[in-house]
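In the numbering used here, the protein residues as written are 9 to 993. Report on the structure given below.
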């Protein structure tokens, strides 16, 4: 009887999750209901799945609205009807088409009662009558009810739910709760009534009841969700070329050709592995997935784009031979079964990273090739988080910002004795976990479907401009999709740009396509061992640089391991330290069992990778590799099938008993598997990252100035721009402030001279900055201040910014003189333009100016304000005191165990919670010689000497050493005072 049910996917309107809706509907006596979220179909499959598990007949629909005005409700009679509804909504979202129900063949349409005359309706159209409209039917004398049905919208569960609905509507409309109009909210009766009560309310109109029942009986929705170990639920595009046979032949041909290119013609092991993989790929009907990914790479290479293929796809030698990845699975003993096996129901998982500058073009190619009917970006749903919902609710109730801030940061104290704040906190606590807020776009997922994609979802058109599915990744996986991840990252961006800059600056064409050559480069090995990796993808953080030094890392395998054990789970479990100890002292290793020793020899008995979990399950417990991978996925939360987990767990222990293992050893191995499976990292993933790290490090080692310029231009690194500028200067660059005659919008280099780009100047208009560069390229350098003003036409505020940052220093006049000139010139023009043109030119009055002197300290403060850091002055020269510490970073190895004072400029901090709920902070500083050093601040030291923001600190502590890496364990510290800006008075 319920044709108009809203879930919380009616964003900022509905209040109940699909699962809870099913439970409540059954509890209230209903056996069938239609989910009709507002301009949205993203919640239906979640509703359908829950309904199938609990025994409710779930039907699909959409409530179409124009703003707050209900247009009509569309109810799908079958899967085809669901597609028609999605296509109607998609046409509106993508093309701006009006929402009219014409041409819907498998959809029942319900209009609000009173919006149409009954005699004008088609066979599939009805009028929905609400309870408060029954009196209108009585007045009409019960005439012509054949086209009328029961319409009882469901939006909330009870009175608190109604309040939540009103709060959400106020948030959506950016209004106070008291300002909401009736048409902006649901009626107070839109709860879930008992089925008997609803029928009783319409008992005088049996024809409406019968019409509604008949409508529901004519609708059915049958759908099979993806199941672990079942393959034919795959909804991805199944054929790349003309036929499945053509796909099989093309993939074989490409793989064999690629194998010869990668390994030569006589490598029997590689060819055998290729043929084995091809057989499994064909058996699972995943040829098209490989070819689609290969085609994406083929296009990107034709455009000169760099890419990194990673994820579990790097376990595949076929992917390696196709050029999708650059990781040799034979070299690293990567299991293909980790990536694909007969018991894995989902298609292959490829993560392809491109430069952030190139990715949109690649996405455009994919969407154009397969069309909007079969390809779209994957959607996502942002949710209300604790603080965000509290802040939004505070606005709804009109609380002042200061009170809202207190409520966010100190909820326990702020909520006492205040009815409104207590209500806000209560609502925020009782909101469902992951309560949807807005639809957005997945970081990189792309869906490419066999059937029209509207068979499963409607599409949106977010500001990015690409059609985007309304469903998220979890629903897509349940439905049977495996997304193609086309991602962007800044690391690839700076690699590509560095190569271009080297070509332009030195005339050298750099080739980084041979990873083996990079790994064997002696300079690269030396930089890796010393942790001199700032700016290099994935290996530049303080923790990673410290780990590289502790390991003395000089080779690919060790770097691959480091890329995995740096992850928080491994580090916090204590296994990172254990791994380092075993790495240096293998003689101390005590293995649980000879099989464990044999299988984990490479990682010194520690399950570092997800592949290690597979190896232990397979070789120790005798699980086949398919079951081993299913177990890994189940334990890591990649799938939610408890029954299957229990079955494989039982098989694990039965096999162990059959092999005669002592129970305590089996239990301990199982405990380690459980603890590692949740946070272990794919070895293939680590290996892919390591290749990119080597490419970055090679460029830094041999072309440091160009490399740092590229890093500065691509932003997004671990550190802020100031650190990368310091690295460039340390490598021998001459750093220049932005200059209108030398700088571009981004940072540029000529020889050893690096000119910072206009993009770094705060408060400078981007359009003006680009115009400065364009005008100079067309008409030559600027000759004077007047010439610059006459050609660029800056406003006084923008010209002042440029002068203060020193961008017009080419004139030979200091800033104060230029500022005076600028005010005279632009001030005169402004006065001249008032009231229209002058008939007679007025002579400019000449002033005799006092002598203006430049002040380096004033310049430093201008640079800090406009760039965020000083360029012409060292930060340490701004200090009031000349003391620079007892020792520098380079002296720490000679001071182990002694208490020293060190002076450092703060670079980064990282706080972690201890097992006993304490706090530890790890700090990174740069000394006056531009060398890094690390600090550790335990709870007591933090209590005595907390950080006080960016600046230079005098730090007293004890020098400690662990595996050759030195750290200052802080006793106390103080932020050092700086010389004030002379203009402050």
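The beta carbon of each residue, even a glycine, is placed where N, CA and C say it ideally should be. Since this is a predicted model, take the numbers as computed values, not measurements.
Taking a contact to mean a Cβ-Cβ separation below 8 angstroms, would you say residue 323 touches residue 342 in this structure? Position 315 of the chain shown, counted from the start, is the residue given in the question as residue 323. Position 334 of the chain shown, counted from the start, is the residue given in the question as residue 342. Their beta carbons are under 8 angstroms apart, which means residue 323 touches residue 342 by this criterion.
Who are the near neighbours of residue 849 in its chain, counting only those whose CB is closer than 8 angstroms to its CB and skipping five residues on each side? Counting from 1 along the chain shown, the entry for residue 849 is found at position 841. With a pLDDT of 45 at residue 849, under the threshold of 50, the modelled position of that residue is not reliable, and no figure is offered here.
Is the distance from the Cβ of residue 432 to the Cβ of residue 446 below 8 angstroms? In the chain shown, the residue the question calls residue 432 occupies position 424. In the chain shown, the residue the question calls residue 446 occupies position 438. Against a cut-off of 8 angstroms, the Cβ pair of residue 446 and residue 432 comes out as no contact.
Once the 5 residues before and after residue 548 are set aside, which same chain residues still bring their CB inside 8 angstroms of it? Along the chain shown, one-based indexing puts residue 548 at 540. So the qualifying residues of the chain are 541, 542, 725, 726, 727.
Would residue 210 and residue 200 qualify as a contact pair, given that the criterion is a beta-carbon distance under 8 angstroms? The residue labelled residue 210 in the question sits at position 202 within the chain shown. The residue labelled residue 200 in the question sits at position 192 within the chain shown. No, the Cβ-Cβ distance between residue 210 and residue 200 is not below 8 angstroms.
How far does the alpha helix (DSSP H) with residue 513 in it extend, from its first residue to its last? As a position in the chain shown, residue 513 is number 505, starting the count at 1. It spans 498-514 - the alpha helix (DSSP H) in which residue 513 sits, taken as one unbroken run.
Output the distance between the C-alpha atoms of residue 981 and residue 962, rounded to the nearest integer angstrom. Within the chain shown, residue 981 is the residue found at index 973, counting from 1. Within the chain shown, residue 962 is the residue found at index 954, counting from 1. Cα-Cα distance, rounded: 6 angstroms.
Please determine if the region 667-682 and the region 623-636 are in contact, where contact requires at least 3 C-beta pairs separated by less than 8 angstroms. yes
Rounded distance between the beta-carbons of residue 78 and residue 120, thought under 8 angstroms: One-based indexing of the chain shown puts residue 120 at position 112. One-based indexing of the chain shown puts residue 78 at position 70. About 5 angstroms separates the two Cβ atoms, so the contact holds.
Between the region 736-744 and the region 776-788, do three or more beta carbon pairs fall short of 8 angstroms? no
Pull up the DSSP beta-bridge partners for residue 169, would you. Translated into positions along the chain shown, residue 169 becomes position 161. Its beta-bridge partners do not exist; DSSP assigns none.
Reduced DSSP secondary structure (H/G/I, E/B, other) of residue 852: One-based indexing of the chain shown puts residue 852 at position 844. Note that residue 852 scores a pLDDT of 49, beneath 50, so its modelled location is shaky and nothing firm can be said.
Nearest-angstrom Cβ-Cβ length linking residue 369 and residue 311, presumed shorter than 8 angstroms: Sequence index remark: in the chain shown, residue 369 carries index 361 (1-based). Sequence index remark: in the chain shown, residue 311 carries index 303 (1-based). Contact holds; Cβ gap of about 7 angstroms.
What is the DSSP secondary structure of residue 648, counted as helix, strand or coil? The residue you call residue 648 lines up with position 640 of the chain shown. Here residue 648 scores only 48 on pLDDT, less than 50, and its place in the model should not be relied on; the value that follows carries that caveat. In the structure shown, residue 648 sits in coil (DSSP, three-state: anything other than H, G, I, E or B).
Alpha-carbon to alpha-carbon, residue 309 and residue 251: What you label residue 251 is simply residue 243 of the chain shown in a count that begins at 1. What you label residue 309 is simply residue 301 of the chain shown in a count that begins at 1. Distance between the alpha carbons of residue 251 and residue 309 is about 26 angstroms.
My output table needs one value for residue 267: the three-state DSSP class, helix, strand or coil. For the purposes of this step, residue 267 is taken as residue 259 along the chain shown, with counting starting at 1. Looking at residue 267 - three-state DSSP - the assignment turns out to be helix.
For residue 8, which residues in the same chain have their Cβ closer than 6 angstroms to its Cβ, ignoring the five residues on either side in sequence? Not covered by the structure: residue 8. The range shown for the chain is 9 to 993.
Within the chosen definition, does the region 961-975 reach the region 555-562 through at least 3 CB pairs nearer than 8 angstroms? yes
Along the chain, where does the alpha helix (DSSP H) containing residue 527 start, and where does it finish? Here the question's residue 527 lines up with position 519 in the chain shown. From DSSP, the alpha helix (DSSP H) with residue 527 extends over 523-527.
How many Å lie between residue 163 and residue 267 at the Cα? As a working mapping, residue 163 is identified with position 155 in the chain shown. As a working mapping, residue 267 is identified with position 259 in the chain shown. Residue 163 and residue 267: Cα-Cα distance of roughly 59 angstroms.
Taking the alpha-carbon of residue 834 as reference, which of 824, 215, 807 has the nearest alpha-carbon? Looking up residue 834 in the chain shown gives position 826. If we check each option's Cα against that of residue 834, 807 comes out closest.
Could you have a look at residue 564 and say whether DSSP puts it in helix, strand or coil? Residue 564 sits at position 556 when you count from the first residue of the chain shown. Helix.
So, at 6 angstroms on beta carbons, what are the nonlocal neighbours of residue 756 in its own chain, with the 5 sequence-adjacent residues on each side left out? As a first step, residue 756 must be located in the chain shown, where it is residue number 748. Result list for residue 756: 763, in chain order.
Beta bridge counterpart(s) of residue 973 as assigned by DSSP: For the purposes of this step, residue 973 is identified with residue 965 of the chain shown, where counting begins at 1. 970, per the DSSP bridge assignment.
Between which two residues does the beta strand (DSSP E) carrying residue 2 extend? Because the chain spans 9 through 993 in this model, residue 2 falls outside it and cannot be assessed.
Could you check whether the region 45-54 touches the region 479-499, counting it as contact only if at least three pairs of C-beta atoms, one from each stretch, sit closer than 8 angstroms? yes
Our contact map puts residue 462 next to residue 94 with C-beta atoms below 8 angstroms; I'd like the distance itself, whole angstroms only. Here residue 462 refers to the residue found at position 454 of the chain shown. Here residue 94 refers to the residue found at position 86 of the chain shown. 4 angstroms between Cβ atoms; contact.
Let me confirm a value: residue 937 is counted as buried when at least 16 other C-beta atoms fall within 10 Å, else exposed. Which label applies? As a working note, residue 937 is residue 929 in the chain shown. Classification for residue 937: exposed.
Residue 40 - containing beta strand (DSSP E), residue span: As a position in the chain shown, residue 40 is number 32, starting the count at 1. Here the beta strand (DSSP E) through residue 40 covers 40-46.
Compare the C-alpha of residue 731 against each of 883, 514, 800, 760 and name the closest. Walking along the chain shown from the start, residue 731 turns up at place 723. Here the closest residue by C-alpha is 883.
What residue range is occupied by the uninterrupted beta strand (DSSP E) comprising residue 471? Within the chain shown, the letter at position 463 stands for residue 471. Premise fails: residue 471 is in no beta strand (DSSP E) and is neither H nor E.
For residue 589, name the three-state secondary structure that DSSP assigns. Translated into positions along the chain shown, residue 589 becomes position 581. Residue 589: helix per DSSP, three-state reduction.
Counterpart residues of residue 434 in DSSP-defined beta bridges: The count along the chain shown starts at 1 and reaches residue 434 at position 426. Answer is none; residue 434 lacks a bridge partner.
Cβ contact (3+ pairs, closer than 8 angstroms) linking the region 133-146 and the region 398-416: no
With a threshold of 6 angstroms on Cβ separation, who are the neighbours of residue 947 within its own chain once the five nearest residues in sequence on each side are excluded? Taking the first residue of the chain shown as 1, we reach residue 947 at position 939. The residues are 926, 927.
Take residue 492 as the anchor and find which of 618, 62, 319, 37 has the nearest alpha-carbon. Your numbering for residue 492 matches position 484 in the chain shown. Checking every option, the nearest Cα to that of residue 492 belongs to 319.
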